[in-house]
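Trainee:
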């Protein structure tokens with residue numbers, strides 16, 4: 008075989024290619040992670056959610072720092088601690104739902120459809136179920152409701168909403184139809200959360216044919232939680248105790 | 007052409023190289039999966055994710071520090087003044103009720119895993135499509151007198167919303183993925199039986215092919231709510247002073 012320049016060049020390039028490929032595989036193999044379009048999308052979502060969470064945390068930290076400043080000014084003797092604590096107490100009591108509050112908002116009235124042939128064969132589709140109420144409450148919360156009541160029972164984190172035969176139970180009390188859900192917040196947004204196409208409320212009204220009426224009101228009064236809630240199992244975790 | 011031999015040799019080597027290369031790619035795609043993008047983008051995202059997580063952890067730590075400091079101030083004064091001590095106790099009570107305090111106690115842990123993909127028909131659905139079931143689970147737990155509930159370590163409060171956002175769920179504005187882990191503090195027996203009653207929540211979930219695990223635990227820890235609630239629309243109603 009004659010060794011000419013072309014052969015040499017091809018030989019040299021082949022050897023280089025071999026080395027480069029070998030190096031490439033050696034380097035990448037340990038770090039190779041399964042990457043699909045879906046996983047990239049998920050990661051992006053996760054990152055966005057994290058940034059949102061950080062934003063929330065920063066707001067919270069700022070609030071707490073202001074509080075610290077306040078306490079420090081108390082230590083300097085400029086303010087009265089008990090009045091500050093009272094204010095704090097009032098605020099937390101309101102947030103916990105143990106104060107009656109009022110404000111603009113909407114009232115949603117839901118009644119069963121009493122029409123004999125309202126909805127085909129599934130005879131109980133046109134009745135209000137606990138899921139329907141739960142979904143409506145969840146939609147109102149998404150729309151930024153500040154306080155919600157069902158037939159004047161305050162809905163809190165520990166409020167159960169449960170079907171019990173012909174009635175619905177909430178806060179240990181029975182309520183029947185019509186169901187009045189009241190919520191304080193931006194009336195326009197709250198109303199949209201129930202009435203806009205593609206919402207659960209819209210589906211209930213137009214598919215299940217449950218009677219839902221909403222009315223925006225300037226002043227809605229939402230009562231304080233009127234039960235007694237006692238922690239028997241849960242204990243607060245406090246560092247340094 | 008001058009050297010036929012040489013050309014043939016190079017051709018054979020090239021074909022061999024091609025076969026080896028394609029073998030290698032086949033092996034890689036078999037072990038890694040189809041639809042791979044250049045890893046560069048994924049690595050970028052992974053780095054960004056890690057950064058965001060670190061930032062979040064730092065913010066959480068900072069929040070804990072300021073809260074500790076506040077607790078110190080409040081308690082420091084409580085020791086030498088009865089009025090302030092009572093105020094502080096009341097304040098703690100309502101903070102616990104609104105979900106601003108970590109809680110621990112006996113209870114249950116419910117883990118819901120997405121159903122396996124139906125290989126035959128390619129039907130795929132996840133808990134994201136069945137948000138009602140989460141809402142119902144919470145309602146049932148509350149009916150069984152749960153004292154505190156969390157979903158994937160997000161405290162369930164009176165302000166907690168459960169939103170579908172694409173193919174994941176957002177709770178308290180935080181992104182949640184399957185598996186869903188719901189923790190509740192309360193009487194473990196009551197909570198368990200409320201969930202596992204015939205045609206109850208667990209029955210329904212299993213009926214839809216979700217993999218469900220229910221564990222009773224003596225020491226469940228439920229984290230506090232980490233969002234600031236500020237009322238814009240609501241005002242207190244001045245009740246008659248007793």
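Protein chains in written order, with our numbering: chain A, 8 to 248; chain B, 7 to 248. Think of the CB as a built atom: it goes at the ideal place given N, C-alpha and C, for glycine as much as any other residue.
In whole angstroms, what separates the C-alpha of residue 15 of chain A from that of residue 21 of chain A?
Mentor: When rounded, the distance between both Cα atoms is 10 Å.
Trainee: Kindly list the residues whose CB is nearer than 8 Å to the CB of residue 217 of chain A, restricted to its own chain and excluding five residues on each side of it in sequence; keep chain order.
Mentor: Contacts found: 117, 118, 119, 120, 133, 134, 135, 139, 211.
Trainee: Give me the DSSP bridge partner(s) of residue 78 of chain B.
Mentor: DSSP lists no partner for residue 78 of chain B.
Trainee: Do we get a CB-CB distance below 8 Å when we pair residue 37 of chain A with the residues of chain B?
Mentor: Note that residue 37 of chain A has pLDDT 49, beneath the 50 cutoff, so the model's placement of it is unreliable and the number below is only indicative. So no, residue 37 of chain A is outside the interface.
Trainee: Assuming residue 168 of chain A contacts residue 174 of chain A (C-beta within less than 8 Å), just tell me the rounded distance between them.
Mentor: Rounded, the Cβ-Cβ distance is 11 Å, inconsistent with contact.
Trainee: Write down the C-beta distance between residue 76 of chain B and residue 74 of chain A rounded to the nearest angstrom, noting that I regard them as a contact closer than 8 Å.
Mentor: Correct: roughly 6 Å between the Cβ atoms.
Trainee: Quick test of your reading: residue 104 of chain A and residue 241 of chain A, contact by CB under 8 Å. State the CB separation rounded to the nearest angstrom.
Mentor: Contact doesn't hold; Cβ gap of about 17 Å is too wide.
Trainee: Can you give me the Cβ contacts of residue 81 of chain A inside the same chain, cut-off strictly under 7 Å, excluding the 5 residues immediately before and after it?
Mentor: If we look at residue 81 of chain A and ignore the five residues flanking it on each side, its Cβ neighbours are 88, 91.
Trainee: What separation, rounded to the nearest whole angstrom, lies between the Cα atoms of residue 98 of chain B and residue 179 of chain B?
Mentor: For residue 98 of chain B and residue 179 of chain B, the distance between alpha carbons rounds to 25 Å.
Trainee: Does residue 226 of chain A come out as helix, strand or coil in the three-state DSSP assignment?
Mentor: Strand, per DSSP.
Trainee: Indicate the three-state DSSP secondary structure (helix, strand or coil) for residue 237 of chain A in the structure shown.
Mentor: Looking at residue 237 of chain A - three-state DSSP - the assignment turns out to be coil, as it is neither helix nor strand.
Trainee: Mind checking which residues open and close the alpha helix (DSSP H) that includes residue 179 of chain B?
Mentor: Premise fails: residue 179 of chain B is in no alpha helix (DSSP H) and is neither H nor E.
Trainee: Which residues, in chain order, does the stretch 102-121 of chain B contribute to contact with chain A at a C-beta distance below 8 Å?
Mentor: Of all residues in the stretch 102-121 of chain B, 102, 103, 104, 105, 106, 107, 108, 109, 110, 111, 112, 113 have a Cβ within less than 8 Å of some Cβ in chain A.
Trainee: Measure how close the beta-carbons of residue 187 of chain B and residue 176 of chain B come, nearest whole angstrom, since I'm counting them as under 8 Å.
Mentor: Not a contact, Cβ separation roughly 16 Å.
Trainee: Taking residue 187 of chain B as part of the beta strand (DSSP E), name the residues at either end of that continuous run.
Mentor: Counting along the chain, the beta strand (DSSP E) containing residue 187 of chain B begins and ends at 186-191.
Trainee: Just to confirm, is the Cβ distance from residue 197 of chain A to residue 102 of chain A under 8 Å?
Mentor: No, Cβ-Cβ distance for residue 197 of chain A and residue 102 of chain A is not below 8 Å.
Trainee: Considering just the uninterrupted stretch of the alpha helix (DSSP H) at residue 137 of chain A, what are its terminal residues?
Mentor: 137-149 is the span of the alpha helix (DSSP H), which, as asked, contains residue 137 of chain A.
Trainee: To the nearest angstrom, how far is it from the Cα of residue 164 of chain B to the Cα of residue 134 of chain B?
Mentor: Straight-line Cα distance between these residues: approximately 21 Å.
Trainee: Beta-carbon within less than 6 Å of residue 14 of chain B's beta-carbon, same chain only, minus the 5 sequence neighbours each way: which residues are those?
Mentor: There are no such residues.
Trainee: With burial defined as no fewer than 16 other Cβ atoms inside 10 Å of the residue's Cβ, what is the status of residue 190 of chain B: buried or exposed?
Mentor: Buried, because 16 or more other Cβ atoms sit within 10 Å of the Cβ of residue 190 of chain B.
Trainee: Can you check whether the CB of residue 192 of chain B is closer than 8 Å to the CB of residue 149 of chain B?
Mentor: No, the pair does not count as a contact, with Cβ atoms beyond the cut-off.
Trainee: Using the rule of at least 16 other Cβ atoms within 10 Å of the residue's Cβ for burial, across every protein chain shown, is residue 24 of chain A buried or exposed?
Mentor: Flag for residue 24 of chain A reads exposed.
Trainee: CA-CA distance, residue 17 of chain B and residue 24 of chain B?
Mentor: Between residue 17 of chain B and residue 24 of chain B, the C-alpha separation is close to 10 Å.
Trainee: So, residue 55 of chain B versus residue 47 of chain A, is the Cβ gap smaller than 8 Å?
Mentor: In this structure, residue 47 of chain A does not lie closer than 8 Å to residue 55 of chain B by Cβ.
Trainee: Note down, in chain order, each residue of its chain lying with its Cβ closer than 7 Å to the Cβ of residue 208 of chain A, except the 5 sequence neighbours on either side.
Mentor: 143, 146, 201, 202, 219, listed in sequence order.
Trainee: Answer with yes or no whether the minimum CB distance from residue 212 of chain B to chain A is below 8 Å.
Mentor: It does not: the Cβ of residue 212 of chain B has no partner Cβ on chain A nearer than 8 Å.
Trainee: Rounded to the nearest angstrom, how far is the Cβ of residue 191 of chain A from that of residue 110 of chain A, given a contact under 8 Å?
Mentor: That pair is a contact at about 4 Å.
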